[in-house]
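One structure below.
In the numbering used here, the protein residues as written are 569 to 699.
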């Protein structure tokens, strides 16, 4: 007879074996605060036609794209995103982000790079903080 131990609802660990079985994958919610520079490039050119602010879109790990109604025509916004990565005692998750200004004809790339939970990172012409 095998004994089992339920670990905080996250899964089942079979004692006496190195095999861990997970009943369900956990989805975690995070918040990205994004601040974009007021001009794109050295010539002081506005992000949108007629001097408008960017319409901020966030891509996470090359697959999921997020935005919010509060992120249109603004230099500052907060976007919530979900991930299977978990912030824990012995691990701090990090993601690869790409930030764009969504336009009708062609999107403008604002910046991209890696940032970790709890960090504030400079990504091109934007700063992102992850909580």
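Built from N, CA and C at the ideal position, the CB exists for glycine as well. Keep in mind the model is a prediction, meaning the values are calculated, not measured.
Asked                                                                                                               : Found
Counted within 10 angstroms of its Cβ, other Cβ atoms place residue 591 as buried (16 or more) or exposed           : Its pLDDT being 42, under 50, residue 591 is placed unreliably in this model, and the value from its coordinates should be taken loosely. When all chains shown are included, residue 591 counts as exposed.
Residue 628 classed as buried or exposed, judged by whether at least 16 other C-beta atoms fall within 10 angstroms : buried
beta-carbon residue 681 near the ligand GTP non-hydrogen atom, thresh 7 Å                                           : The ligand content of the structure shown is nil, which means the ligand GTP is not present either.
Whole-number beta carbon distance between residue 625 and residue 668, since they are thought to touch under 8 Å    : 5 Å
For residue 621 and residue 642, believed in contact at Cβ under 8 Å, the rounded distance                          : 5 Å
Distance, residue 678 Cα to residue 698 Cα                                                                          : 17 Å
Environment of residue 618 [buried if 16+ CB atoms lie within 10 Å]                                                 : exposed
Short Cβ contact (8 Å threshold) for residue 662 with residue 647                                                   : no
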